[in-house]
Every structure is written in structure tokens, then in C-alpha cells.
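Read the structure below first, then the notes.
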Amino acid sequence: MRTTLLVGLFAPLCVAAQTPLPYTTGFDNAAQQAGWQEYRTGYLSNYSWGMNTLEPPSAPNRLWHDYVVGGNESDTVRDWWVSPAFDFSAGAVLTCKVNVFAIMGSAQPADACTIMLLAGSADPTLATVTPLTDLLPLVTNTGTYTQLPPVSIPPTTGSAHIAFYHQATQNWLTPGIDDVSITAAPVGIADVHGDEIGMHVFPNPVDGTMTFQLPHGLPVGTLRITTLDGRTVVHERASSTVDVDHLAPGLYIVGLRSDTGVLYQARVVKR
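Encoded structure:
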């Protein structure tokens, strides 16, 4: 009788471990730097992402990319500092402190400094890459750090990563990052007047026209849509629908006040 040995047929599947939320790092020690890695997809200059102790907003370290002055005009550095894997299936919110230093106080056309979302892989050449926020508007010629307003991370299937992306050609652009915090997206907000039903918003997530209904047949009144940091992006007399195609992907709070004065709120994801 012949016996066939099936090697590894019943071995457990290997699933990449995901770092739980909330997550914080100041890159201050080995534990806070664990799981982060660099990918270099452009010109390999002598300067890349790393730790630096020079005037961090919170000692002893900060994440920092040194300048790439020198080389040829076509030598464009494209360096990614990529986080451990996270579960963003319900969305999340990121904050950090940022200093994007340019010696002349302005960016050059080839420059980029962006927080990215990588889905499917930590390797940006294999991942689905979504820009989350552009840091170049924060360029300065001082060492002052800015507390970045909350950045919405849209719900993402499977393992996902955050990346700090640096691109420059012959420019003294040196971004610094510190005190990174990633938290789960806030749950839906209940009716502030205690109504047990609340309004119905659909579809959710939405990528075009959003429809909403108030409970008890209440007439629709004023609509306000805000970002998680409180910035109003839509404020108008409402009907039963609103076009949100112009909004950037992310999490929003939809507030709808009925003609009777009752305010209803809900969390909505814009694809």
C-alpha cells in the first residue's frame, strides 16, 4: 500500500498581524519604531527617512528626512516611511505634529510631502495608494511644528498601512513628523434631543447623491455637513437629497435640523 505524505496541506494560514487601535508613537524608542519600514522607489540618494534628535516637539526623537540637494535634475527621490498593518475596516482618524522645512520657505514643482493610505500591501509599488492629506501647504523656513487637524482614514478592507511620502529633486526640503496618533473612527452620533429613531441616511458609504429621511415624517429643514475637526463643507436649505460628489473621501458628520427645530446627526463615509 502506497502512503502519500501531504506536506503543509493542513497548515494554518499565515495572516499578517494587525496593530490594534488606538495607536501612538513619537518614534522615541525601539518599541515605538517597531513595524515601520522604508521603501525607496526613486533615486537612491544618501539621505532618507530616519530618526533625528534635533529639536523634536517631544524628546528624544522625531521622524525626519534630510535634504536631497545635489545630483542631477532628473534624480528625484521618492521615499516612503510605512507603518505597521492596521485594521481600518471601520475607518480611523490620524493626527500628528508636522514641520516641513524648506530653506527658502517654499516648495519646488518636483516636491511632494504627503500622508498616504496603502491598502493590500506595505510595499507602495504593490499597494492601492490613496493620498490622505498634502503637507506641502505647511512649508516653512522655521522649525515651528504644526498640530495637524484630524485626518480621516476611510474604511479599508484587509490590512492597511499609513505612509509618509517624501519626494524632492535638488531642493532643501526636510519634513519632520512626531507624536502620531491613530484612533478608531467615532461611532455614529445619536440625536441630540434623545429621539430613539434618528434619521436614515443612504447609501452609506456614498459617492454621489445622498438621501436622508427624518423620523415620524418630519419636514426636512437645514442641512450642515462638517469634517471631524468641525469644518463646515455644506450648509444649505435641505431637500431629501444632496450631491456630495465634490467632497473628498473620508468621514463626515451630517447634521439635519427639522422645521420643528429638532437636530439629528449621523456619521457618513464619502468614498
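In this text, residue positions in the sequence shown follow my numbering: the first is 223, and each later residue adds one. In this text, a Cβ means the ideal position worked out from N, Cα and C, and glycines have one as well. Just so it is clear, the structure is predicted and the values come from calculations on it, not from any experiment.
So residue i and residue j are in contact, right, with Cβ under 8 Å, and what is the actual spacing, rounded?
i	j	result
A406	A312	6 Å
Which residue from the options puts its Cα closest to that of residue i?
i	options	result
V290	D465, L450, P397	P397
G248	V299, F308, T317	T317
Q240	L478, F308, L285, R300	F308
D451	T444, G443, H468, G472	G472
S270	T463, N251, F386, N363	F386
P282	D297, Q254, T362, V299	Q254
Are the beta-carbon atoms of residue i and residue j separated by less than 8 Å?
i	j	result
I375	L348	no
I475	R453	no
R493	V423	no
V322	L354	no
G443	A470	no
S403	P244	yes
V304	A344	yes
T352	W302	no
P377	V315	no
Does residue i pass the burial test, meaning 16 or more other C-beta atoms within 10 Å, or should it be called exposed?
i	result
I399	buried
T275	exposed
L235	Here the model assigns L235 a pLDDT of 39, short of 50, so the residue's position is not dependable, and the following value carries that caveat. So L235 counts as exposed.
S267	buried
H383	buried
Q487	buried
R284	buried
Which residue or residues does DSSP assign as beta-bridge partners of residue i?
i	result
C335	H388
E260	W303
M273	L285
S374	V315
Using beta carbons (cut-off 8 Å, strictly below), is residue i in contact with chain E?
i	result
L450	As a matter of chain content, chain E is missing from the structure shown, which is built from one protein chain.
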